[in-house]
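FYI, the numbering used here numbers position 187 of the sequence shown as 201, with every residue one higher than the one before it.
For each residue, glycine too, the CB sits at the ideal point set by N, CA and C.
Only one structure is covered here, and it is reproduced in the block below.
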Amino acid sequence: MKTPLLLVAGYLGAGKTTLLKHILKNTGKKVAILMNEFGEIGIDTIEIQKENVAVKELLEGCVCCSLQGELEAGLKEIINDYNPDIVIVETTGIAEADNLVLGIDKDIDFVSLDAVVTVVDADIMQRFPDVSGSAEIQIRAADLLLLNKIDLIDNLSDIKEKLHRINPRAPIIETDHCKVDLKILLSVEADHHHITKSHPHHHMESFS
15 MKTPLLLVAG YLGAGKTTLL KHILKNTGKK VAILMNEFGE IGIDTIEIQK
65 ENVAVKELLE GCVCCSLQGE LEAGLKEIIN DYNPDIVIVE TTGIAEADNL
115 VLGIDKDIDF VSLDAVVTVV DADIMQRFPD VSGSAEIQIR AADLLLLNKI
165 DLIDNLSDIK EKLHRINPRA PIIETDHCKV DLKILLSVEA DHHHITKSHP
215 HHHMESFS
């Protein structure tokens, strides 16, 4: 039986770890987390471990390229040791989610990728409206978009229109501190047929 996997994407500071804490606080499921975030991983992991959940860190690089083998090994280890109801993989801010989706679907046969959830910083989108690079790819690969930090924005219509142009498939949920109904979050169905091939990874996110 395959273990459900939720992939959480989004650039640094968008609110991915805040979303993880919200899930852990409000779900009754047994959750395992694989984290691969540059910069604040030690602090984030210490905080999350207080919630009585299995956490494994992937520290040596970007999970979507050089760590693909370590991702598979990490998933296998945490599933065998903890037997979770669901595994959540938190990617780096520079991870290109489409390459990661292809890698999981093609090479890792003991998990079922339920959905890609991309957390979007509404404040950054307003201040830097031109989206490209890894940031655009993360939005395009999402099955659900969480438009976070809406408390900082007066008018979301332009931002939502831009997100819809980049990814017309994904529903957009507006959130403050990533407070989202978990019934909605955990019932999203993946649709990855539009992702047909991988591409070179540029290790950059771009807003301008």
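Classify residue i as helix, strand or coil using the three-state DSSP reduction.
{"i": "residue 31", "result": "helix"}
{"i": "residue 68", "result": "strand"}
{"i": "residue 118", "result": "helix"}
{"i": "residue 204", "result": "coil"}
{"i": "residue 26", "result": "coil"}
{"i": "residue 19", "result": "strand"}
Can you tell me the Cα-Cα spacing of residue i and residue j, whole angstroms?
{"i": "residue 157", "j": "residue 150", "result": "14 Å"}
{"i": "residue 163", "j": "residue 203", "result": "24 Å"}
{"i": "residue 184", "j": "residue 136", "result": "16 Å"}
{"i": "residue 143", "j": "residue 173", "result": "8 Å"}
{"i": "residue 131", "j": "residue 17", "result": "17 Å"}
{"i": "residue 188", "j": "residue 182", "result": "16 Å"}
{"i": "residue 33", "j": "residue 195", "result": "11 Å"}
{"i": "residue 70", "j": "residue 141", "result": "34 Å"}
{"i": "residue 176", "j": "residue 27", "result": "20 Å"}
{"i": "residue 23", "j": "residue 190", "result": "17 Å"}
{"i": "residue 155", "j": "residue 25", "result": "14 Å"}
{"i": "residue 80", "j": "residue 148", "result": "Interpretation of residue 80 is limited by its pLDDT of 46, a score under 50 that renders its predicted location unreliable; the figure taken from the coordinates is listed afterwards. Near 16 Å, if we compare the C-alpha coordinates of residue 148 and residue 80."}
{"i": "residue 179", "j": "residue 111", "result": "18 Å"}
{"i": "residue 89", "j": "residue 38", "result": "19 Å"}
{"i": "residue 200", "j": "residue 186", "result": "15 Å"}
{"i": "residue 122", "j": "residue 145", "result": "31 Å"}
Use the C-beta contact count for residue i: other C-beta atoms within 10 angstroms, 16 or more gives buried, fewer gives exposed.
{"i": "residue 54", "result": "With a pLDDT of only 48 at residue 54, under the threshold of 50, the placement of this residue in the model should not be trusted; the figure read from the coordinates follows. Residue 54 is exposed by the Cβ-count criterion."}
{"i": "residue 104", "result": "buried"}
{"i": "residue 166", "result": "exposed"}
{"i": "residue 153", "result": "buried"}
{"i": "residue 42", "result": "exposed"}
{"i": "residue 118", "result": "buried"}
{"i": "residue 113", "result": "buried"}
{"i": "residue 197", "result": "exposed"}
{"i": "residue 87", "result": "exposed"}
{"i": "residue 30", "result": "buried"}
{"i": "residue 15", "result": "exposed"}
Within the same chain, show all residues whose beta-carbon is closer than 7 Å to that of residue i, passing over the 5 residues directly before and after it, in chain order.
{"i": "residue 44", "result": "98, 99"}
{"i": "residue 193", "result": "36"}
{"i": "residue 134", "result": "24, 28, 153, 159, 160, 161, 162, 177"}
{"i": "residue 127", "result": "19, 21, 115, 118, 119, 204"}
Within its chain, find whatever has a CB closer than 6 Å to the CB of residue i; leave out the 5 residues flanking it on each side and keep chain order.
{"i": "residue 139", "result": "173"}
{"i": "residue 40", "result": "196"}
{"i": "residue 168", "result": "none"}
Please list, in chain order, all residues of the same chain as residue i whose beta carbon is under 8 Å from its beta carbon, the five residues on each side excluded.
{"i": "residue 93", "result": "17, 46, 101, 124, 125"}
{"i": "residue 170", "result": "136, 161, 164, 188"}
{"i": "residue 129", "result": "20, 21, 157, 158, 202, 203, 204"}
{"i": "residue 91", "result": "70"}
In chain order, which continuous runs of the beta strand (DSSP E) of length 3 or greater are located wholly inside the stretch 129-199? Counting whole runs of 3 or more residues, the stretch 129-199 contains the beta strand (DSSP E) stretches 158-162, 186-188.
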